[in-house]
């Protein structure tokens, strides 16, 4: 498949920047949209203190702060050898793996307790959003410098009446950003990233953030990268077969399944995406656990952090054959303890032992691929492996071996697999190749439901009956399904459910809100939130002004003679976008009226009632 790109048909020049902030390494890609010209995807390949400059460059996702909370070093600057003495002398604090502190605390994006306990704490005076903002600010500064040094006319000038192109685009609000995140992250994490972008100065206001910042999952970005590399059609996608994209990064392994959507030049998700915390840092966790046990009675026990770091930076990356012994070089020629396999500053390990550090990740990916293949709506023939961890020859060989028995062909791009997400995020904006996505969970609203004495499940909860102002008996804790799990959702498809709200106070209709929840369990048609309660989680709060309904609200007279107000309305949700969108609608004089609904990721417990 030869990918063709159309010329930019806009009337203004625009710059789009994609930040791939990873757990261990980060990268930036961008494109300049010029009217009438075909846009190209380019990467930032020069960063301060970077040793290697080339087309696949990424920098460490690392910041060092002083005691006052000011950033003193970032990226490649933070790992320079001379930085160690300064760090200790001035008591700098590091913030590695800060991305993982943004993760969901439950659900697909959560981390099991054991590895979660190994994640380093943030600096005491910093939140995860603030650290992300500091790092984004650094990335933006580096990106600006690179573009101004690389493209003619973009550099700042001394003439205020004739600013450089970068300054002009920034002033006119013609710089957009696309931020990638793991498959398991949802609206709450996107909201944190958006707040960080404003703090970082990428955009000046929350309103600008809503219009100029978009999000894409790492899985979908990786698909766009693979399509740009021509892997799609070459691997059977043109014939209707699906492919599974495995983006193996530092922290997460994101898995997404896609197939061609009919005759259109669009693709659709054919299985619910998955996200597993089995990225490359967990291989290092396993190695460190072994080293702590192995060297427990050795004089080198205090050197375990240093040995694990050397394993992470060298041995892990080069490991390919479990039949060959492996060495971790961590010291000098005088460092020796033959009983523990240490000679001349090197620790010798059997290749099979090193392979065991990878095994949990390998097993997780293989079993997850099998599960997604079985759940897919179309046959899957190929697996695309991308991401920084995907460049591991051992991981690649183990996946090929583990998936060959079920007829899957494992492929990976020839080069730059660690740039897949950043480049793919730009391609996502330019190409928009995915037209529909699969719902990962069952989504619905926590509400009251009219009491029906003919239903046993209602009678069992009769002690919880409450009376509405109209005298209607209702039961709380009902899960009103709006979108079932494993439903294919297009970007324009609406999901609607009818509700009503009653109150003796008209003022209660100016900000009607209700929690939107998701159910992650195995009950096929969940209805009551006290059944399998641990698998329900609040996603957000949908808030809308219903006072616009005017006279249709009432007042009405209740059975006790008191006046009350009632709103009959629908909640409309669009799940097929990269961000959840909501509206409310109602009938006024027989004509449907609509109003935007706000999505708030700080849930409150205001309940409405399902019905009409």
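Residue numbers (my numbering): 82 to 693. In this text, a Cβ means the ideal position worked out from N, Cα and C, and glycines have one as well.
Can you give me the Cβ contacts of residue i inside the same chain, cut-off strictly under 8 Å, excluding the 5 residues immediately before and after it?
| i | result |
| --- | --- |
| residue 282 | 218 and 221 |
| residue 546 | 532, 554, 555 and 556 |
| residue 487 | 451 and 454 |
Under the rule that 16 or more other beta-carbon atoms within 10 Å means buried, what is residue i, buried or exposed?
| i | result |
| --- | --- |
| residue 548 | exposed |
| residue 286 | exposed |
| residue 543 | exposed |
| residue 503 | buried |
| residue 210 | buried |
| residue 450 | buried |
| residue 590 | buried |
| residue 215 | buried |
| residue 261 | buried |
| residue 606 | exposed |
| residue 41 | The structure shown does not extend to residue 41, since the chain is modelled only from 82 through 693, so no value can be given for it. |
| residue 105 | buried |
| residue 102 | buried |
| residue 155 | buried |
| residue 88 | exposed |
| residue 710 | Beyond the ends of the chain as shown, which are 82 and 693, falls residue 710; an answer cannot be given. |
| residue 295 | buried |
| residue 360 | buried |
Does DSSP put residue i in a helix, in a strand, or in coil?
| i | result |
| --- | --- |
| residue 449 | helix |
| residue 223 | helix |
| residue 664 | strand |
| residue 677 | strand |
| residue 545 | helix |
| residue 98 | strand |
| residue 423 | strand |
| residue 145 | strand |
| residue 526 | strand |
| residue 539 | helix |
| residue 441 | helix |
| residue 598 | strand |
| residue 255 | coil |
| residue 260 | strand |
| residue 457 | coil |
| residue 659 | coil |
Straight-line CA distance for residue i to residue j?
| i | j | result |
| --- | --- | --- |
| residue 116 | residue 411 | 54 Å |
| residue 290 | residue 100 | 15 Å |
| residue 540 | residue 552 | 18 Å |
| residue 634 | residue 648 | 5 Å |
| residue 123 | residue 232 | 11 Å |
| residue 509 | residue 560 | 35 Å |
| residue 520 | residue 422 | 51 Å |
| residue 172 | residue 618 | 41 Å |
| residue 599 | residue 426 | 53 Å |
| residue 370 | residue 178 | 18 Å |
| residue 631 | residue 585 | 15 Å |
| residue 610 | residue 366 | 37 Å |
| residue 506 | residue 341 | 19 Å |
| residue 608 | residue 111 | 46 Å |
| residue 243 | residue 253 | 14 Å |
| residue 526 | residue 478 | 45 Å |
| residue 331 | residue 580 | 44 Å |
| residue 297 | residue 516 | 13 Å |
| residue 184 | residue 642 | 51 Å |
| residue 645 | residue 461 | 57 Å |
Might you give, ordered along the chain, the residues of its own chain that have their beta carbon closer than 6 Å to the beta carbon of residue i, omitting 5 neighbours on each side?
| i | result |
| --- | --- |
| residue 96 | 113, 250 and 256 |
| residue 235 | 228, 229, 245, 246 and 247 |
| residue 354 | 264, 300 and 337 |
| residue 335 | 263, 264, 299, 300, 328 and 356 |
| residue 433 | 403 |
| residue 456 | 352 |
| residue 430 | 407 |
| residue 200 | 178 and 181 |
Using C-beta distances below 7 Å, list every residue in its chain close to residue i, excluding the 5 sequence neighbours before and after it, in chain order.
| i | result |
| --- | --- |
| residue 400 | 407, 435 and 475 |
| residue 481 | 491 |
| residue 175 | 143 and 145 |
| residue 658 | 572 |
| residue 674 | 666 and 667 |
| residue 77 | Because residue 77 is not part of the residues shown, which for the chain are 82 to 693, the question remains open. |
| residue 639 | 550, 551, 552 and 645 |
When you measure from the CB of residue i to every non-hydrogen atom of the ligand FAD, does any distance come out below 7 Å?
| i | result |
| --- | --- |
| residue 568 | Absence of the ligand FAD is noted for the structure shown, with no ligands found whatsoever. |
Looking at the C-beta of residue i, does it have a partner C-beta in chain B at a distance below 8 Å?
| i | result |
| --- | --- |
| residue 359 | Protein chain content of the structure displayed is limited to a single chain, and chain B is not contained in it. |
Next item on the list: Any chance you could list the beta strand (DSSP E) runs of at least 3 consecutive residues sitting entirely within the segment 326-396, in chain order?
Entry: 334-341 and 348-357
Margin query: Which complete alpha helix (DSSP H) runs does the segment 470-518 hold, if anything under 4 residues is left out?
Written below: 474-484 and 501-512
Note to self: Suppose only complete runs of 3+ residues qualify. What are the beta strand (DSSP E) ranges in the segment 610-648, listed by chain order?
What the structure shows: 617-625
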